[in-house]
Amino acid sequence: MTTPTLNIKEFLDQDEKKDLLRLLTAGSVDDGKSTLIGRLLFDSKKLYEDQLVALERDSKRVGNAGEDNIDYALLLDGLKAEREQGITIDVAYRYFSTNKRKFIIADTPGHEQYTRNMITGGSTASLAIILVDARTGVITQTKRHSYLISLLGIKHVVLAVNKMDLVDYSQEVFDKIVNDYKTFVAPFNIPDIQCIPLSALKGDNVVDPSPNMTWYTGLPLLGFLETVHVASDQNFENFRYPVQYVSRPNLDFRGFCGKVASGIVRKGDEIVALPSGKKSRIKSIYTYDGELDEAFPPQSVTLTLEDEIDVSRGEMLVHPSDLPRIGRNFEAMLVWMDEKEMDAGQQYYLKHTTNTTRAHIDTIRYKVDVNTLKQSATEALTLNEIGRVTLATNKPLFFDPYQNNKNCGAFILIDPITNNTCAVGMIIDQINSKDIASNITDEVRRQMAQGISAVPLEEKEKRLDQKGCVFSIAGNSPEAKREYAYLLERRLTDIGRTVAVIDAVALQLDAEICHRIGHVLRMQGLVVICITCDGAGDDDNLLVITQERNQGSMISSSAERHKISSAVEDIVNKIVQ
């Protein structure tokens with residue numbers, strides 16, 4: 058009997074109908090994460106001939122599986138440093154498919170210093186495989202990874218007890234590890250935990266049931282991955298549609314493009330646009346393949362409305378009977394991912410769905426030791442640290458708690474200077490503005506009534522990353538004074554300073570008024586350059602530069618007209634120091 062063959066179109070059609078499961082592996086160093094995935098690919102016959110040849114060659118050269126054995130981990134450990142040390146450092150992604158499902162596996166590092174890599178790999182995962190060495194059982198790193206997985210809201214966990222061959226395939230050892238693990242993760246409320254004994258190196262219970270563990274009656278790992286139901290993990294109740302782009306190809310069409318973050322939308326549904334509050338109904342739902350009657354996550358569609366209402370990128374369409382939280386203040390769990398320490402006084406860009414706004418970290422309630430789960434006070438988070446914080450944004454956001462709606466409860470913080478992603482956050486819930494530490498108190502109100510700013514000079518200077526000062530330039534030649542002033546402005550701007558120039562000559566301001574304006578701007582944290590009307594004695598080639606710093610300290614210097622450039626560099630070098 059011949060096996061029926063598929064042509065390329067039939068194969069692609071069949072492959073397109075398979076659903077996709079994204080998963081990650083996590084575990085301690087040398088628990089066998091990369092070996093397990095490599096074995097999964099090998100036993101499911103998802104490797105090409107050239108990959109097999111390279112695997113056999115590399116196993117002999119740099120493998121750690123013993124003589125004449127294939128080191129399956131080499132399929133995943135791609136970096137030179139990983140192969141030399143036998144560990145995973147970066148997140149390695151692998152794609153494969155079976156007759157039942159498509160898979161994207163993220164092999165994440167087990168070391169604590171690579172926590173941010175694990176968070177990155179797990180951000181899109183629906184299932185996590187936590188490997189435990191049967192010889193050591195549940196250890197500190199196992200607990201840390203389980204906490205991070207619960208933080209990410211992953212609802213399906215496979216506890217893979219690996220290296221069962223080294224404990225003689227003992228059911229007693231397996232049962233003890235399972236009991237210890239379930240006791241530890243009970244407070245995390247992970248709804249689905251499947252425990253599988255296996256040996257990645259020997260292939261027991263990876264793809265095929267193990268003859269060495271007949272006492273285990275469950276599915277092998279691949280069988281479970283092919284059948285686990287994850288479609289219901291999506292939020293199909295709360296319709297959220299962040300608008301990504303307004304499509305206007307001609308005068309007769311105006312559609313709102315985006316990805317359905319959660320919920321279901323149908324033709325004729327009443328919607329409300331946030332923040333305007335204007336209502337309309339869904340007229341049509343378009344995709345590349347044509348018009349739909351309904352849309353649901355994670356589909357990308359274009360919606361048209363019955364009415365011409367003003368909607369733009371960053372706004373959100375929702376059902377009027379089911380509104381998200383709307384506010385500027387909320388509490389969140391934050392994972393710090395930048396090598397630069399958190400600066401609580403700094404403004405960051407906060408990107409949430411399709412919306413970007415400025416935000417600052419108001420308070421840090423505590424940080425979590427991911428090894429012991431103990432909470433402690435801190436003034437700042439550093440690389441790979443996790444903390445509970447309150448944030449205040451410059452404009453209202455439309456969000457849900459992360460545990461209810463991952464797509465509308467997640468955000469990232471971006472450094473406005475380097476454009477690096479500083480942190481990822483999971484929103485816990487909205488908080489009252491009265492609970493914000495920076496909220497205006499009665500004492501501050503009294504100070505404002507007396508003309509005292511609610512924002513101290515120190516805070517302004519910290520956010521601008523500079524000290525305010527005033528440079529007053531005097532001289533007989535207006536041209537020379539301007540040349541010096543604008544050259545100094547250019548150089549200070551080049552090194553990141555925020556500068557203002559006051560040309561008192563052009564504005565016909567006397568010295569006193571110019572000095573007062575400069576003082577006001579200095580108190581805003583700015584570097585001010587005043588081109589004064591004052592002369593410099595009888596020498597037309599001489600400029601006198603007076604620098605006024607905080608607390609009224611004065612530093613004077615002079616420069617000859619033909620040495621303006623070197624004089625400016627001297628000033629810049631002093632400021633940098």
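Okay, so the sequence shown: first residue is 58 according to this note's numbering, each after it adds one.
A virtual CB, placed ideally from N, CA and C, is assigned to each residue, including glycine.
All of these numbers come straight from a predicted model, not from anything done at the bench.
Other residues of its chain near residue i: CB distance less than 6 Å, five sequence neighbours each side excluded
i: L362; result: S337, K340
i: Q356; result: V317
i: A163; result: L81, V148, Y150, G178
i: D364; result: S337
i: G371; result: T411, N412
i: I206; result: A185
Burial state of residue i, where buried means 16 or more other Cβ atoms lie within 10 Å
i: W1; result: Since the displayed the chain opens at 58 and closes at 634, residue 1 lies outside it and no answer follows.
i: A83; result: buried
i: D350; result: exposed
i: D190; result: buried
i: F468; result: buried
i: R415; result: exposed
i: I436; result: Looking at the sequence shown, residue 436 is not Ile but Glu. Flag for E436 reads exposed.
i: I187; result: buried
i: R192; result: exposed
i: Q507; result: exposed
i: L360; result: buried
i: L310; result: One detail in the question is off: residue 310 reads as Phe in this sequence, not Leu. Burial call: exposed.
i: D346; result: exposed
i: K137; result: Interpretation of K137 is limited by its pLDDT of 39, a score under 50 that renders its predicted location unreliable; the figure taken from the coordinates is listed afterwards. Flag for K137 reads exposed.
i: G402; result: exposed
i: H286; result: exposed
i: D88; result: buried
i: E442; result: buried
i: R503; result: exposed
i: P306; result: exposed
i: P354; result: buried
Beta-carbon spacing of residue i, residue j below 7 Å
i: D100; j: G260; result: yes
i: T165; j: L81; result: yes
i: A542; j: I588; result: yes
i: M373; j: L331; result: yes
i: R453; j: G384; result: Note on identity: in this sequence residue 453 is Pro, with Arg being the wrong assignment. In this structure, G384 lies closer than 7 Å to P453 by Cβ.
i: C479; j: D395; result: yes
i: N428; j: R201; result: yes
i: L96; j: I161; result: In the sequence on display, residue 96 carries Arg and not Leu. No, the Cβ-Cβ distance between R96 and I161 is not below 7 Å.
i: L279; j: V264; result: yes
i: D379; j: N292; result: no
i: M505; j: R445; result: no
i: T447; j: D419; result: yes
i: I574; j: I552; result: no
i: Y406; j: P513; result: no
i: A243; j: V214; result: no
i: T344; j: V358; result: yes
i: N246; j: I253; result: no
i: S319; j: N464; result: yes
i: G315; j: Q301; result: yes
i: A352; j: I366; result: no
i: E605; j: V527; result: yes
i: I621; j: E540; result: yes
Where the beta strand (DSSP E) containing residue i begins and where it ends
i: T588; result: According to the sequence provided, residue 588 is Ile. The question's Thr does not apply to it. Segment 584-588, the beta strand (DSSP E) holding I588.
i: R554; result: Unbroken run through R554: none, as it is neither H nor E.
i: S154; result: 149-154
i: L258; result: Note, L258: premise wrong, no beta strand (DSSP E); not H, not E.
i: F245; result: Taken as a continuous stretch (DSSP letters only), F245 belongs to no beta strand (DSSP E), as it is neither H nor E.
i: E436; result: No beta strand (DSSP E) holds E436; DSSP gives it neither H nor E.
i: A16; result: Nothing about residue 16 can be read from this structure; the chain reaches only from 58 to 634.
Supposed contact pair residue j and residue i - C-beta distance, whole angstroms, cut 8 Å
i: L544; j: A557; result: The Cβ separation is near 15 Å, so there is no contact.
i: I518; j: G525; result: In the sequence as presented, Ile is not what sits at residue 518; that position holds Glu. Confirmed, Cβ separation roughly 6 Å.
i: Q487; j: R382; result: 4 Å
i: R297; j: N462; result: 7 Å
i: N219; j: S267; result: That pair is no contact at about 12 Å.
i: K212; j: D249; result: 6 Å
Endpoints, the alpha helix (DSSP H) within which residue i is located
i: G532; result: Taken as a continuous stretch (DSSP letters only), G532 belongs to no alpha helix (DSSP H), being part of the beta strand (DSSP E) at 526-532.
i: T172; result: 172-179
i: A563; result: 561-564
i: H202; result: 197-208
i: T284; result: 278-284
i: I94; result: 90-100
i: G466; result: 463-466
Sequence-distant residues of its chain with Cβ nearer than 7 Å to residue i (five each side left out)
i: R554; result: Q523, V584
i: T181; result: R79
i: V629; result: R548, L549, I552
Close-in-space but distant-in-sequence residues of the same chain around residue i (CB under 8 Å, 5 per side omitted)
i: E546; result: V556, V558, I586
i: T466; result: A quick correction: the sequence has Gly, not Thr, at residue 466. For G466, where only same-chain residues beyond five positions count, the Cβ hits under 8 Å are F456, D457, P458, Y459, Q460, M483, I484.
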